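Novice: Please find one structure pasted underneath; my questions will follow.
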Amino acid sequence: MSLENLIEIAAVSRTYLDANENTVEALKGISLSIKKGEFLSIIGPSGCGKTTLLRLIAGLDAPESGKITLEGETITAPDPHRGYVFQQGSLFPWLTVEKNIAAGLKARGVYQKEKGEVAKYLALIGLEGFEKAYPHQISGGMAQRVAIARSLINRPAALLLDEPMGALDSFTRADLQDKLLELWQRDQTTMILVTHDVDEAVYLSDRIVIMTPRPGTISEILDIRLPRPRHRNGAEFTALRSSILEKLHLASAGLQPEYAI
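Using numbering that gives the first Met the number 0, the first residue of the sequence shown is number 0, and each one after it goes up by one.
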């Protein structure tokens, strides 16, 4: 993994108005450097601003104060070079699997030049034979693979993952985690994952960012030094998971975090 920083988050804060016109402080003074080629996970209790931070990195929202840069350039708007995968995948229901993947190329105006990449990414995500299927004809896990391929086909500098496995059953989730690792190791695309699942964070990550309840701040950043492939029932994995759960309780200042094991 390169030690070069790809994304710099400097003293970022974000507030917004809720449905009752009350000011809500979502993030306060977030500073974080994200390395090129690393797999970073962000965990914390519900409402701590994890998704808000991811949206700011994506350029889908703007900070009240502070700055976020990618390779020195300030992020001000969405860009295909920062792929975003939502919890439900958000596939276009009227397009087939292959056309959903191709949508990324068409949005950039390079489809005619790079359309051969669609078959390549179908193979990479293991969905050969499902090219002509529509989203309602495939499983949730398959749909998330398509959403990931649709982002990766643009060869983004960073792939932003907003709990993409949160709605899947445990077997499908584990399978998709392995596929995500395979894709990450193949291209070394920087991946930033928001998750409630402590096991998932430990299994996938180089580093884990633990956030506090609102206003979201960074409580701690952990280096995960377990060798790969990782074994979920191994003694080191189990000990690290227990330690992180304790840290989550401390970071939550008595609030019960929501996470899955």
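Positions of the beta carbon are idealized from the N, C-alpha and C atoms, including for glycine.
Here the structure is a predicted model, which is why all the values come from computation and not from measurement.
Quick one: using the 10 Å Cβ neighbour count with 16 as the cut-off for buried, is Lys27 buried or exposed?
Specialist: By the neighbour-count rule (16 or more Cβ atoms within 10 Å), Lys27 is buried.
Novice: I need the DSSP call for Leu225, collapsed to helix, strand or coil.
Specialist: The answer is coil: DSSP assigns Leu225 none of H, G, I, E or B.
Novice: What does a CB cutoff of less than 8 Å around Arg107 pick up in its chain, not counting 5 residues either side in sequence?
Specialist: Hits under 8 Å: Pro79, Asn153.
Novice: Measuring alpha carbon to alpha carbon, tell me which of His248, Tyr15, Tyr83 ends up nearest Gly103.
Specialist: Cα-wise, what sits closest to Gly103 is Tyr83.
Novice: What alpha helix (DSSP H) runs, 4 residues minimum, are completely inside the segment 61 to 142?
Specialist: Fully enclosed alpha helix (DSSP H) runs of 4 or longer: 96 to 106, 110 to 113, 116 to 123.
Novice: Out of Glu7, Ala122, Ile124, which one is the CA nearest neighbour of Ile74?
Specialist: Comparing Cα positions, the closest option is Glu7.
Novice: Based on the DSSP secondary-structure assignment, which residues constitute the bridge partners of Met210?
Specialist: Beta-bridge pairing links Met210 to Ile217.
Novice: Measuring straight from C-alpha to C-alpha, what distance separates Ala191 and Thr211?
Specialist: Note on identity: in this sequence residue 191 is Ile, with Ala being the wrong assignment. Between Ile191 and Thr211, the C-alpha separation is close to 18 Å.
Novice: Reducing DSSP to helix, strand and coil, say where Leu159 ends up.
Specialist: DSSP places Leu159 in strand when its eight states are reduced to three.
Novice: For Ala238, does the three-state DSSP call read helix, strand or coil?
Specialist: Three-state DSSP puts Ala238 in a helix.
Novice: Measure the C-alpha to C-alpha separation of Arg144 and His135 and round it to an integer number of angstroms.
Specialist: Those two C-alpha atoms are separated by around 14 Å.
Novice: Rounded to the nearest angstrom, what separates Ala156 and Ser32 at their Cα positions?
Specialist: Going from the Cα of Ala156 to the Cα of Ser32 covers about 15 Å.
Novice: Whose C-alpha, out of Tyr133, Leu182, Thr14, is nearest the C-alpha of Glu97?
Specialist: Glu97 has its Cα closest to that of Tyr133, out of Tyr133, Leu182, Thr14.
Novice: Could you check how far apart the C-beta atoms of Asp205 and Ile223 are, in whole angstroms? I think they sit under 8 Å.
Specialist: Their Cβ separation, rounded to whole angstroms, is 6 Å, which keeps Asp205 and Ile223 in contact under 8 Å.
Novice: Quick check on the burial criterion: 16 or more other C-beta atoms within 10 angstroms. Buried or exposed for Lys49?
Specialist: Counting Cβ neighbours within 10 Å, Lys49 comes out buried, since at least 16 surround it.
Novice: Please state whether DSSP places Thr51 in a helix, a strand or coil.
Specialist: Three-state DSSP puts Thr51 in a helix.
Novice: Quick one: what does DSSP say Asp198 is sitting in, helix, strand or coil?
Specialist: Helix, per DSSP.
Novice: Quick one: measure Cβ to Cβ for Ser12 and Glu72, integer angstroms, because I've assumed they're closer than 8 Å.
Specialist: In fact, because the Cβ distance is near 21 Å, the residues do not count as touching under 8 Å.
Novice: Does DSSP put Thr171 in a helix, a strand or coil?
Specialist: Thr171 falls in the helix class under three-state DSSP.
Novice: Tell me which residue opens and which closes the beta strand (DSSP E) that Thr189 is part of.
Specialist: Unbroken beta strand (DSSP E) run through Thr189: 189 to 193.
Novice: Excluding the 5 residues flanking Met0 on each side, which residues of the same chain have their C-beta closer than 7 Å to its C-beta?
Specialist: Bear in mind that the predicted position of Met0 carries a pLDDT of just 44, short of 50, making it too unreliable to give a figure here.
Novice: Helix, strand or coil for Lys34, going by three-state DSSP, please let me know.
Specialist: Correct three-state label for Lys34: strand.
Novice: Quickly, what does DSSP pair Glu24 with across the bridge? List them, please.
Specialist: According to DSSP, Glu24 bridges with Thr14.
Novice: With burial defined as no fewer than 16 other Cβ atoms inside 10 Å of the residue's Cβ, what is the status of Tyr202: buried or exposed?
Specialist: It counts as buried.
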